[in-house]
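>
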Amino acid sequence: GLEGRRQGTHQREFKPYVVRLAKLLRNMEQLLPFFNLLSQVFSSKMGCRSGPAPGPAFSPAYTTKDGKLESQKVFWSRARQAIEEMVEKDFLEGLIKT
Numbered sequence: 003g004l005e006g007r008r009q010g011t012h013q014r015e016f017k018p019y020v021v022r023l024a025k026l027l028r029n030m031e032q033l034l035p036f037f038n039l040l041s042q043v044f045s046s047k048m049g050c051r052s053g054p055a056p057g058p059a060f061s062p063a064y065t066t067k068d069g070k071l072e073s074q075k076v077f078w079s080r081a082r083q084a085i086e087e088m089v090e091k092d093f094l095e096g097l098i099k100t
């Protein structure tokens with residue numbers, strides 16, 4: 003009786019944390035295009051300063067963009083893995099305390 007109630011309260015306390023985390027991840031993914039655009043603007047400004055002609059500044063931008071896409075995939079997979087580990091750790095700590 004008492005243990006069932008404890009587990010129920012733990013699950014209720016735990017769920018909002020996971021929901022907030024999922025919401026945060028969704029918001030970050032939705033903001034990703036904005037940050038990509040911002041990054042491209044800054045990198046193109048840097049390219050214009052260093053390169054005398056606009057032609058050569060644009061050709062490396064595509065390769066950089068591809069490279070950035072790859073590094074973003076790596077970043078998101080690492081971020082998700084780290085978040086999953088934190089959630090798992092928090093969940094297990096909650097179970098151990100009860």
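According to my numbering, the residues represented by the sequence shown are 3 to 100, in order. Even for Gly, the Cβ is constructed at its ideal location relative to N, Cα and C. All of these numbers come straight from a predicted model, not from anything done at the bench.
Give a yes or no on whether the C-beta atoms belonging to Leu27 and Val89 are separated by under 8 Å.
Mapped onto the sequence shown, residue 27 falls at position 25. Mapped onto the sequence shown, residue 89 falls at position 87. No.
> At the level of alpha carbons, what is the spacing between Lys43 and Arg80?
Mapped onto the sequence shown, residue 43 falls at position 41. Mapped onto the sequence shown, residue 80 falls at position 78. Residue identity differs from the one stated: residue 43 is Val in this sequence, not Lys. Taking the straight line from one Cα to the other gives about 26 Å.
> Reducing DSSP to helix, strand and coil, say where Ser61 ends up.
One-based indexing of the sequence shown puts residue 61 at position 59. A caution first: Ser61 carries a pLDDT of 37, below 50, which makes its placement in the model too unreliable to give a value.
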